[in-house]
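Mapping the sequence shown onto the numbering used here, position 72 (from 1) lands on 63, and the numbers just tick up by one. Glycine residues also receive a C-beta, built at the ideal position from the N, C-alpha and C atoms. Contents: one structure, followed by commentary.
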Amino acid sequence: MDRSANNHVTEPIGILGGTFDPIHFGHLRPALDVAEQLGLANIRLIPSARPPHRTQPEASPEQRLAMLHLAIKNTEHFVVDDRELHRQGESYTVDTLLSLRQEFPETPLFLLIGMDAFLDIQTWHQWQRLITLAHIVVMQRPGESMSMSLDLDSWYQQHLASQDDRSFLAGKIWPLEVTQLAISATHIRLTIAQGLSPQFLLPDAVAQYIEQIGLYQNNP
Ligand code: ATP
């Protein structure tokens, strides 16, 4: 079982969900930046089974999970959490946060999302409930527009965190500058499908696994 049995942790923890198809340095480095800036005990990487907002992943859940384990081997800051893969139906973030909140009732939770995802947050299932369960850390990617709708902007301003809010269990928005890496899983899949090397875009162990089992070689 990937989930930690320790439910007495009170140090804050981070949560990064994604398809991780495959995991790459654009996920890992910004997440590490956030962990260090906020002093998080760890970041839980949570692969989604059936993401509701996008096309379904090319690699199977087992393959995406295997790549996550390879990526974080010998690292301190990351934990792989497979809870969404055990759930039926769509992978809703609100359900994941509810389950984490139940497991960690006394722990500040920080949900990490990219700015692109944040601009879309009002379309997420029960989106207003998310901030009652966790803080939201907004990480910015290169070349992204910050332009929010008036509605979203006012919600954002209303929940903007100050440094003292770190011990709250949930409820604040933390915009953070993270290392800018213009890497995407889509680009990696295309690179591999073109017969080119994905080296230096993702951990070597993940690249080797992809090559060994012939993942992403056919451009869908
Ligand atoms: P795809 O290209 O298949 O859409 P992706 O590279 O965007 O995949 P996801 O697994 O969908 O990866 O991303 C999970 C989370 O990580 C999202 O919140 C996304 O915004 C964020 N993220 C992905 N790549 C980066 C990056 N290079 N820098 C910062 N955040 C990123």
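*Rounded to whole angstroms, what's the CA-CA distance from Glu49 to Ile37? Just pull it up for me.*
The residue you call residue 49 lines up with position 58 of the sequence shown. The residue you call residue 37 lines up with position 46 of the sequence shown. Roughly 17 Å separates the two Cα atoms.
*DSSP on Ile127, reduced to helix/strand/coil?*
As a first step, residue 127 must be located in the sequence shown, where it is residue number 136. Correct three-state label for Ile127: strand.
*Hey, would you say the C-beta of Ala176 is under 7 Å away from at least one heavy atom of ligand 1?*
Within the sequence shown, residue 176 is the residue found at index 185, counting from 1. Yes, the beta carbon of Ala176 sits closer than 7 Å to at least one heavy atom of ligand 1.
*Can you pull the DSSP bridge partners for Val33?*
Here residue 33 refers to the residue found at position 42 of the sequence shown. A small correction: the amino acid at residue 33 is Asn; Val does not occupy that position in the sequence shown. Partner(s): Ile4.
_Can you tell me whether Gln117 is helix, strand or coil according to DSSP?_
Locating residue 117 in the sequence shown gives position 126, where the first residue counts as 1. The DSSP-derived three-state label of Gln117 is coil.
*Please state whether DSSP places Gln203 in a helix, a strand or coil.*
Locating residue 203 in the sequence shown gives position 212, where the first residue counts as 1. Here Gln203 carries a helix assignment [DSSP, helix/strand/coil].
_Three-state class that DSSP yields for Gln190 in the structure shown_ = Counting from one through the sequence shown, the residue named residue 190 turns up at place 199. In the structure shown, Gln190 falls within a strand segment according to DSSP collapsed to helix, strand and coil.
_Would you say the beta carbon of Asp24 is closer than 7 Å to some non-hydrogen atom of ligand 1?_
Counting from one through the sequence shown, the residue named residue 24 turns up at place 33. No, the beta carbon of Asp24 sits no closer than 7 Å to any heavy atom of ligand 1.
*Would the C-beta of Asp107 count as close to ligand 1, meaning under 7 Å from any of its heavy atoms?*
Sequence index remark: in the sequence shown, residue 107 carries index 116 (1-based). Short note on Asp107: C-beta closer than 7 Å to some heavy atom of ligand 1.
*If you drop the 5 nearest sequence neighbours on each side, which residues of the same chain put their C-beta closer than 8 Å to that of Val25?*
Position 34 of the sequence shown, counted from the start, is the residue given in the question as residue 25. Residues of the same chain with a CB within less than 8 Å of the CB of Val25, apart from the 5 flanking positions on each side, are Gly5, Leu31, Ile34, Phe101, Leu103, Val128, Met130, Leu167 and Val169 in chain order.
*Is it the case that the Cβ atoms of Leu76 and Pro52 are separated by a distance below 8 Å?*
If you number the sequence shown from 1, residue 76 lands on position 85. If you number the sequence shown from 1, residue 52 lands on position 61. Contact: yes.
*Express the C-alpha separation of Ala173 and Gln203 in angstroms, rounding to a whole number.*
As a position in the sequence shown, residue 203 is number 212, starting the count at 1. As a position in the sequence shown, residue 173 is number 182, starting the count at 1. Near 26 Å, if we compare the C-alpha coordinates of Ala173 and Gln203.
*What is the DSSP secondary structure of Val70, reduced to helix, strand or coil?*
For the purposes of this step, residue 70 is identified with residue 79 of the sequence shown, where counting begins at 1. If DSSP states are grouped into helix, strand and coil, Val70 belongs with the strands.
*For Leu193, I'd like the list of residues in its chain whose CB is within less than 7 Å of its CB, leaving aside the five on either flank, ordered along the chain.*
As a working mapping, residue 193 is identified with position 202 in the sequence shown. The residues are Pro13, Ile14, His15, Phe16 and Ile179.
*Does DSSP put Ser(-5) in a helix, a strand or coil?*
Within the sequence shown, numbered from 1, the residue matching residue -5 stands at position 4. Annotation note: pLDDT 49 at Ser(-5) (below 50); position unreliable, no value reported.
*asked:* Tell me which residues share the same chain as Leu206 and place their Cβ nearer than 6 Å to its Cβ, disregarding the 5 neighbours each side in the sequence.
replied: Counting from one through the sequence shown, the residue named residue 206 turns up at place 215. Ala50, listed in sequence order.
*asked:* Could you tell me the alpha carbon to alpha carbon distance between Asp72 and Tyr200, rounded to whole angstroms?
replied: As a working mapping, residue 72 is identified with position 81 in the sequence shown. As a working mapping, residue 200 is identified with position 209 in the sequence shown. Near 20 Å, if we compare the C-alpha coordinates of Tyr200 and Asp72.
*Helix, strand or coil for Gly223, going by three-state DSSP, please let me know.*
Only positions -8 to 211 of the chain appear in the structure, and residue 223 is not among them; the question remains open.
*Residues bridged to Phe101 by DSSP?*
Translated into positions along the sequence shown, residue 101 becomes position 110. Its beta-bridge partners are Gly5 and His126.
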